[in-house]
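FYI, in the UniProt record's numbering the residues of the sequence shown are 1 to 358.
See structure below.
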Amino acid sequence: MRVRLRGINTVRAKLADGTEKVYHYHRATGTKLVGEPGTPEFIRSFQDAVRSTALARSEGTVEWLIWQYRESRAWTELAAKTRESAAYDLKACEERWGSTLLTIVENPRSRPAFLKWHDTLAEKHPKAADAKLGRLARVFAWGVDRGHIRHNPVANFERAYRSDRAEMIWMPEHVAAFEAVASPEIRLAMMLALHTGQRQVDLLTLPWSAWDGTAVTVRSQSKSRRLVYVPATRALKAALDAAPRRATTILVAPRGAAWRKRRFHELWSESFAASKIAEDLHFHDLRGTAVTMLAEAGCTVPEIATITGHSQAHAQKILDRYLARTRTLAESAIAKLDEHRRNRNLQNALQNGGGAKG
1 MRVRLRGINT VRAKLADGTE KVYHYHRATG TKLVGEPGTP EFIRSFQDAV
51 RSTALARSEG TVEWLIWQYR ESRAWTELAA KTRESAAYDL KACEERWGST
101 LLTIVENPRS RPAFLKWHDT LAEKHPKAAD AKLGRLARVF AWGVDRGHIR
151 HNPVANFERA YRSDRAEMIW MPEHVAAFEA VASPEIRLAM MLALHTGQRQ
201 VDLLTLPWSA WDGTAVTVRS QSKSRRLVYV PATRALKAAL DAAPRRATTI
251 LVAPRGAAWR KRRFHELWSE SFAASKIAED LHFHDLRGTA VTMLAEAGCT
301 VPEIATITGH SQAHAQKILD RYLARTRTLA ESAIAKLDEH RRNRNLQNAL
351 QNGGGAKG
């Protein structure tokens, strides 16, 4: 379907050889448009002219600053998935603050207004509220650095969403219960996560070319884009060697196609529900579990961080929480054992007609 663009002037001119040449201009700016009408090149040229008009009209506002930021290297260097979520957050910021003058923003007294907006959003969606104000804070920080504003009113703020899952670890009984009900495709995903400690997004797109028979090489899709080399355990090697190669990616959906994130989440959730695991464990918690497995194998914190991609501080935090939890479990187990023995002795004493022994 051909899109009819408005605001275009068409000019016809006769050339020296008598032929007629047609030129197209963006009416508001007088910008000459390139390409033939209806072609992608022409539409891009028109959109660029429209954007330049909007930029000129919004100069000195938050909307203008956001647009400038989105044309900077700070934006283009973000991972594609990060840009996608950031664009969604910035759209909400534009809708609320787009017309606000930068002279108002840079006044320290503007801070309460931004915090009130954040608090209102956080009443229903605390995590989303943090993401939106956090993204706007990055734009303001970029604006300060580039000299567009003198002060960032939300350089720091109290987060509404708090989630510390450092102590959430998949215990052996959890893994066994999950694998008992999961499909082969889901079980392989768990195996890769447990034995490499990598993020879900990296594992779902991991190609077979990343597996050389002895190790997995992962290019992280996080902003660091770091390359991680993970030698395979015997269990992981056996699983990968036995896995059928039905697509370019190692992990595939039941029908053999690469996973779509939503579909993977659905099947993973179904398997988790069927496992009847009482704890609130997530796929992401397998990364922390991998940290503990490596530690139990004798790896140092720097060695663990090299494989999983955690910072050394966060890896240590996971281990500290894990050790605290296992100590609690051990104490609970001993208490139950003592209670069992006491009850058994009491029962024997009653049967024999004698006194109970401690």
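Glycine is no exception: its CB is placed at the ideal position from the N, C-alpha and C atoms.
On a predicted model such as this, the values are computed, not experimentally measured, just so you know.
- Nearest C-alpha to residue 130 among 148, 15, 154: 154.
- Secondary structure of residue 9 (DSSP, three-state): strand.
- Rounded to whole angstroms, the gap between the alpha carbons of residue 286 and residue 304 is 14 Å.
- In the displayed model, residue 268 falls within a helix according to three-state DSSP.
- The region 99-171 contains, as complete alpha helix (DSSP H) runs of 4+ residues, the segments 102-105, 111-122, 126-145 (chain order).
- Residue 291 carries a helical assignment under DSSP once its states are collapsed to helix, strand and coil.
- Under the DSSP assignment, residue 184 falls in the alpha helix (DSSP H) whose first and last residues are 184-196.
- Here the region 137-155 lies against the region 104-117, with 3 or more beta-carbon pairs under 8 Å apart.
- Here the region 194-206 lies against the region 275-289, with 3 or more beta-carbon pairs under 8 Å apart.
- Apart from the 5 residues on each side of it in sequence, residue 10 sits with its Cβ closer than 6 Å to the Cβ of 24 in its chain, given in chain order.
- Less than 8 Å separates the beta-carbon of residue 81 from that of residue 201.
- Non-local beta-carbon contacts of residue 281 in its own chain, meaning distances under 7 Å to residues more than five positions away in sequence, involve 168, 170, 174 in chain order.
- The region 266-274 makes no contact with the region 233-246, as fewer than three CB pairs between them are under 8 Å.
- Look at residue 20 here: in three-state DSSP terms it is strand.
- For residue 276, the three-state secondary structure derived from DSSP is coil.
- Residue 90 and residue 39 have their alpha carbons spaced roughly 30 Å apart.
- For residue 242, the closest of 278, 191, 279, 74 by C-alpha to C-alpha distance is 191.
- For residue 219, the enclosing beta strand (DSSP E) has its first and last residue at 215-219.
- Of the residues 31, 307, 134, the one whose Cα lies closest to the Cα of residue 157 is 134.
- For residue 227, the uninterrupted beta strand (DSSP E) run begins and ends at 227-231, by DSSP.
- Pairing residue 206 with residue 218 gives a Cβ-Cβ distance under 8 Å.
- The Cβ-Cβ distance between residue 231 and residue 210 does not fall below 8 Å.
- Each residue's CA atom was taken as its position, placing residue 98 and residue 125 some 21 Å apart.
- Membership of residue 240 in the alpha helix (DSSP H) is indicated by the continuous run 234-242.
- Annotation: the continuous alpha helix (DSSP H) that includes residue 93 extends over 80-97.
- Under the three-state reduction of DSSP output, residue 258 falls in the strand class.
- Residue 64 and residue 178 have their C-alpha atoms roughly 51 Å apart.
- In this chain, the alpha helix (DSSP H) harbouring residue 66 covers 62-70.
- Following the DSSP letters along the chain, one finds residue 76 inside the alpha helix (DSSP H) bounded by residues 73-76.
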